[in-house]
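All the letters of the sequence shown, read from the start, carry residue numbers 203 to 292 under the working numbering. Where is the CB? At the ideal position from N, CA and C, for every residue including glycine. Here's the structure we're looking at; comments come further down.
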Amino acid sequence: MKKQTILVTGGAGFVGSVCVELLVAQGYQVIVLDNLQTGNRRAVHPKARLVRGSIGNARLLQRVLLAMLAHANTGHPGARELVTAFSSTT
């Protein structure tokens with residue numbers, strides 16, 4: 203079974219980093235999106251992937267979600283439609 207990937211925004215802050223640690227311990231692949239304005243790179247679990255940027259950056263968020271979809275390769279039509287709908291709003 204493929205590991206599920208979860209996006210955690212603010213995952214370099216205190217609360218976010220604890221969430222990331224718990225998710226990694228449960229076997230999830232985790233992507234952290236954080237601008238590091240108040241968070242710290244060292245707080246991100248070493249097995250998580252850090253993407254530095256803001257949740258308010260629609261183009262960056264689109265790239266992250268598309269990469270997650272491509273990686274999952276689920277073939278689920280609803281997932282592709284969601285990303286396509288998101289892409290058309292940016």
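If I'm right that residue i touches residue j with Cβ under 8 angstroms, what's the distance once you round it to whole angstroms?
i: Leu235; j: Val253; result: 5 angstroms
i: Ala250; j: Val222; result: 5 angstroms
i: Gly213; j: Asn237; result: Gly213 to Asn237, Cβ: 11 angstroms. No contact.
Is residue i helix, strand or coil when you go by DSSP?
i: Val246; result: coil
i: Leu238; result: coil
i: Gln264; result: helix
By a C-beta neighbour count over all protein chains shown, 10 Å radius and 16 as the cutoff for buried, is residue i buried or exposed?
i: Leu224; result: exposed
i: Gly241; result: buried
i: Ala272; result: exposed
Among all the DSSP beta bridges, which residues are the ones paired with residue i?
i: Val210; result: Val234
Report the residue from the options whose alpha carbon sits nearest the alpha carbon of residue i.
i: Gly229; options: Gly212, His247, Gly215 and Ala269; result: His247
i: Lys205; options: Gln239, Ile233, Arg244 and Val266; result: Ile233
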